[in-house]
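Reading the sequence shown from the start, the letters are residues 14 to 486 in the working numbering.
To start, the structure itself, in structure tokens.
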Amino acid sequence: MRSIDKIYLDGAFRTPHGTETFTLMNPSTATPIGSVTLADEEDAKAAIAAAKRAFTTHSRTGKAERIEMLEALGAAVSRRVGDIKEAMMEEYGAPQLFAGWSAQHAADCFANTVRTLKDYEFTRRINTTDVLMTPLGVVALITPWNANAGFICSKLATALAAGCTAVLKPSEMSAIQTQVVTDALHEAGLPAGLFNIVTGRGDVVGSVLTSHPDIAKVSFTGSTAVGKGIVRASADTLKRVTLELGGKSPTLILDDADLAAAIPMALQAGFMNSGQACIAGTRILVPESRLEEAKAIARKAANAMTVGSPADPESRVGPMVSQKQWDRVQGYIRLGLEEGAELVAGGEGKPEGLDGYFVKPTVFANVTNDQRIAREEIFGPVVCLIGYRDEEDAIAIANDSLYGLQSYILSGDLVRARRIAARLETGRVIINGAPHEPLAPFGGFKQSGIGREFGTFGLEAYLEPKSVLAPAA
Ligand code: NAD
């Protein structure tokens, strides 16, 4: 059994003031694997004070010094990629393929930020005026349990590149990932206080961070409901906020697509990270005239998908993170049936022979876009096939959502796909499974968030422009 009983404060691992503990579970076996001692309000305040002291010097560092820091952090995290992958698999059952990609992404964040920083001009001239891009101050970085390591690394890299210092509050359900990453970040040997990591509850540590007057900005990745609460909590002190929230992403399979190839690709996007991904493509839009064909292919592909522990490299769908999340997903499957959707694959209950929090990869058809299973984020391996009449109808259905994080287009005609992409109300559009671009902005339209991360757009979210006007010498 693991015991994670330290927080990272002012450059050292310390025993928290908080004494509450949280039990860590292995979701593949539904058995306890350890506990984490949670930070409390006092710890959060101490972390903010440490970051505030460090801001005085860090805000005045130059590009070269920051690049050196990011390179040291990147090298340290790179050495632990294998451990991060293992932690993700153990702690929330991330399938191997996803965990491998995600762990490498965590390490690569630092080099990607260096690329952005090298090209960035912190001072610009507009006619008679110097515009100085100035670091905001101490920032609070709040992360969810899924792929937590990557969120810690990408937010921290950008904050430090901008000259900000940070207090990180990762989810209590991702304490093992946090531990591995914190060990690595510590090994980089940066000055004390630049970053402080206090795992604790959202309503305890999170509440202090989102209301404290010494926090200039909150960068949050998590659910839309909590994101709205953060906007309210931070309003009194007018904090800057970046919110990366939930999604209900559409996959538009155009009528020129080869369904035999497109449906398995769409299911892959829907069941990504066992469906526990903000960008999961959970609404699959197919031409009405080809719905029967689509259903048959989807049934076969979903039934052939290996569900199981991430220890099995063949496993494509792992467990839900917790019993609570398993119950929630089951509730949505029941709701789908009650709403009159047709069950094409999967359904209620656990797959045969699996005791952990596993869900059968579930495909519903005959779903209309106004049903709750098509509107609400389920965060499990449950997708809907929705028929559309023509291109206009497909675009209207895709855009008829409270969310707007990502969309997918599968088509044999790239010109047509790009034309449709321009009309979709989402922060990213992925055409024919194109690979990730780490320097392009990432973030949501509508209730999927506020602001952008990555690259120059992400960096500027940690900077305030200051105009200095002086008479000609
Ligand atoms: P969550 O919103 O429950 O928690 C996220 C973080 O917020 C955790 O660290 C939690 O402790 C903290 N928190 C909770 N209440 C808080 C409060 N009152 N004040 C401050 N912090 C508080 O989300 P989760 O279950 O950990 O993650 C799943 C959700 O995250 C899904 O909705 C998913 O779509 C979303 N997500 C979004 C992205 C994105 O980039 N858009 C990426 C991953 C996950």
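Beta carbons are placed, not taken as given, at the ideal position from N, Cα and C, and that holds for glycine.
| Item | Value |
| --- | --- |
| Going by C-alpha distance, which of Lys-182, Ala-474, Arg-253, Asp-196 is nearest Ser-220? | Lys-182 |
| Provide the residue span of the alpha helix (DSSP H) that contains Ser-247, from first to last. | 237–248 |
| In this structure, does DSSP put Phe-467 in helix, strand or coil? | coil |
| Candidates Phe-135, Asp-23, Lys-58: which alpha carbon is nearest Thr-74's? | Phe-135 |
| Of all the options Lys-168, Gly-176, Arg-214, Val-144, which has the alpha carbon lying nearest to the alpha carbon of Ile-80? | Gly-176 |
| On a CA-only basis, which of Arg-92, Ala-62, Met-186 is nearest Leu-207? Give me that one, please. | Ala-62 |
| Cα separation between His-118 and Val-127? | 14 Å |
| Roughly how many angstroms lie between the CA atoms of Ile-155 and Ser-232, to the nearest whole one? | 6 Å |
| Taking only runs of the alpha helix (DSSP H) that begin and end inside the region 41–103, which ones reach a length of at least 4 residues, in chain order? | 54–71, 76–91 |
| Given Lys-58, which residues of its chain have a CB within under 6 Å of its CB, disregarding the five upstream and five downstream residues? | none |
| So is the beta-carbon of Ser-287 under 7 Å away from any non-hydrogen atom of the ligand NAD? | no |
| Does His-71 pass the burial test, meaning 16 or more other C-beta atoms within 10 Å, or should it be called exposed? | buried |
| Report yes if the C-beta distance between Glu-33 and Leu-51 is below 8 Å; otherwise report no. | yes |
| Tell me which same chain residues have a C-beta within less than 6 Å of the C-beta of Pro-263, skipping the five on either side of it? | Arg-296, Leu-298, Ala-411, Ser-420 |
| Jot down the residue ranges of each uninterrupted beta strand (DSSP E) in the region 154–202, minimum 3 residues, whole runs only, in chain order. | 178–182 |
| What residue range does the alpha helix (DSSP H) around Gly-277 cover? | It is worth fixing the name first, because residue 277 is Pro in this sequence and not Gly. Its alpha helix (DSSP H) spans residues 272–283. |
| If you draw a straight line from the C-alpha of Arg-341 to the C-alpha of Ala-43, how long is it? | 16 Å |
| Spatial neighbours of Phe-470 within its chain, please: CB distance less than 6 Å, with the 5 preceding and 5 following residues excluded, ordered by chain position. | Pro-454 |
| Output the boundary residues of the alpha helix (DSSP H) element that contains Ala-435. | Looking at the DSSP string, Ala-435 is not in any alpha helix (DSSP H), and its letter there is neither H nor E. |
| According to DSSP, is Ser-3 part of a helix, a strand, or is it coil? | Outside the displayed span of the chain (14 to 486) sits residue 3, for which this structure offers no information. |
| Is it a yes or a no for the region 393–411 touching the region 237–248, going by three-plus beta-carbon pairs under 8 Å? | no |
| Using 8 Å for Cβ pairs, my map puts Ile-386 next to Tyr-416. What's the rounded Cβ distance? | With a Cβ gap of about 14 Å, Ile-386 and Tyr-416 do not count as contacting. |
| Exposed or buried, what is Glu-185 when buried is set at 16 or more other beta-carbons lying within 10 Å of its beta-carbon? | buried |
| I'd like to confirm something about Ser-461: is its beta-carbon nearer than 7 Å to some heavy atom of the ligand NAD, or not? | yes |
| Leaving out the 5 sequence neighbours to the left and right, which residues in its chain are closer than 7 Å to Met-278 when beta-carbon positions are compared? | Leu-423, Gly-446 |
| Could you tell me the alpha carbon to alpha carbon distance between Arg-312 and Thr-212, rounded to whole angstroms? | 41 Å |
| What is the rounded straight-line gap between the Cα of Leu-356 and the Cα of Cys-122? | 40 Å |
| So, does the region 272–287 touch the region 378–385, judging by three or more C-beta pairs under 8 Å? | no |
| Which two residues bound the contiguous alpha helix (DSSP H) that contains Ile-399? | Careful: Ile-399 lies outside any alpha helix (DSSP H), inside the beta strand (DSSP E) at 395–401. |
| Can you tell me whether Ser-322 is helix, strand or coil according to DSSP? | coil |
| Might you give, ordered along the chain, the residues of its own chain that have their beta carbon closer than 6 Å to the beta carbon of His-225, omitting 5 neighbours on each side? | Ile-61 |
| In or out: Thr-223 buried (at least 16 other Cβ within 10 Å) or exposed? | buried |
| In angstroms with no decimal places, state the Cα-to-Cα distance between Ser-287 and Val-330. | 5 Å |
| Measuring only from the beta carbon, is Arg-214 closer than 7 Å to any heavy atom that is part of the ligand NAD? | yes |
| Would Asn-151 be called buried (16 or more neighbouring beta carbons within 10 Å of its own) or exposed? | According to the sequence displayed, residue 151 carries Val and not Asn. That one is buried. |
| List the whole-angstrom C-beta distance separating Ala-162 from Ala-116, where the pair is believed to meet the contact cut-off of C-beta under 8 Å. | 6 Å |
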